[in-house]
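Read in order, the letters of the sequence shown are residues 555 to 799 in our numbering.
Idealized CB from N, CA, C, for every residue including glycine.
Here's the structure, in structure tokens; my notes come after.
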Amino acid sequence: MQSVNYLENMRNGIEASRHIVCLLGRNVSADCGCFNYWDSEGAYAVETNYGYSPEEIFSASFYNTRPKLFFDYYHNEILDKMGKPGEEFRVMKRMEDERKIFAVITRSIYGLPRRAGMRNVVEMHSSVYENKCSHCGTWYDLDFMKNASGVPFCPKCGAVVRPQIVLDGEMIPNEKITASANEVARADTLLILGCTLRSTLARGAIKYFSGSRIILINEEEDYSDSVADLVCHGKPRDVLPKVYG
Ligand SMILES: [Zn+2]
């Protein structure tokens, strides 16, 4: 982590912000213990156990052609490795309560912000909490999915209950894109945590941003960091408590 001056600048930047919108990247989910298939060890283990890469399995075509294997993976890797919100979420929740953060936008599917009690969250890829019968449209919660063994079938009509998660090869619903764009357009500060400015999440948001300050907290250095006004290279869970409160 960088010098105290950096932290001081960041603290001042947050202090001066009136309307922060927070982008939550995948490194935050990984820090919280969520299954991380971008990690090469995790990906290798999946290939060994399932015979396919995580990207192949988590795709619309795989879901449609091999639902049994898809749901084995979904139960064993996703639902059993959901992690839990850490220190960074405790601070973010307080920032929301104190009307510093007005919205959180994420592509993570683990529902970490809402598990931390945050209220205004745009989950671009939906989450494990939203599951719907593909035929009659009845909604089911996470417990229903956890308790189902194999392919989950709707008790009302017998059709497959599908997680509403956006799989590879599917489009993000327009209402999510609109909601995210509207939140970003209102922000005076974008607080980007746990991803680079080159990430799909950040690139998708920045084009709607017309505020005054981009603050980045991410462990890895990247050439795109120079686009941000304030940068700290550390884990958000270590840095955020030092720069807020
Ligand atoms: Zn049904």
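Query, Result
"If contacts are defined as beta-carbon pairs under 8 Å, then L696 and S583 qualify, I think. What distance do you get, rounded to the angstrom?", "So it is not a contact: roughly 16 Å between Cβ atoms."
"So which residues put a beta carbon under 6 Å from any heavy atom of ligand 1, going in chain order?", "C687, H689, C690, T692, C708, K710, C711 and A713"
"If we count Cβ pairs, one from each stretch, closer than 8 Å, do we get three or more for the stretch 676-690 versus the stretch 600-611?", "no"
"Which of the three DSSP states, helix, strand or coil, is assigned to I719?", "coil"
"Just tell me which of D626, E724, A599 and C576 has its CA closest to the CA of S680.", "E724"
"Got a sec? Which residues, its chain only, sit under 6 Å from R644 by beta carbon, not counting five neighbours each side?", "none"
"Just to confirm my understanding: we take Y627, look at its own chain, exclude 5 residues before and 5 after, and list those with CB closer than 7 Å. What are they?", "Y604 and I611"
"In chain order, what residues of the same chain have a beta carbon less than 6 Å from the beta carbon of L794, not counting five sequence neighbours either side?", "E642 and V645"
"Taking just the CA atoms, how far does Q718 sit from V682?", "8 Å"
"Answer yes or no: do C786 and Y591 have a C-beta to C-beta separation smaller than 7 Å?", "no"
"Put M555 into one of helix, strand or coil per three-state DSSP.", "Residue placement at M555 is poorly supported in this model, since its pLDDT is 49, which falls under 50; the coordinates still yield a value, given next. Three-state DSSP puts M555 in coil, outside helix and strand."
"Looking only at DSSP bridge pairs, what is N685 linked to?", "Y694 and P717"
"Which parts of the stretch 562-647 are runs of the beta strand (DSSP E), unbroken and 3 residues or longer, counting only runs that do not cross its ends?", "574-578"
"When we look at the beta-carbon of Y598 and count the other beta-carbons within 10 Å, is it buried (16 or more) or exposed?", "exposed"
"Here's the rule I'm using: 16 or more other beta-carbon atoms within 10 Å means buried, otherwise exposed. How should K789 be labelled?", "buried"
"Looking at the unbroken beta strand (DSSP E) that takes in I760, where does it start and where does it end?", "Unbroken run through I760 is the alpha helix (DSSP H), T754 to I760; no beta strand (DSSP E)."
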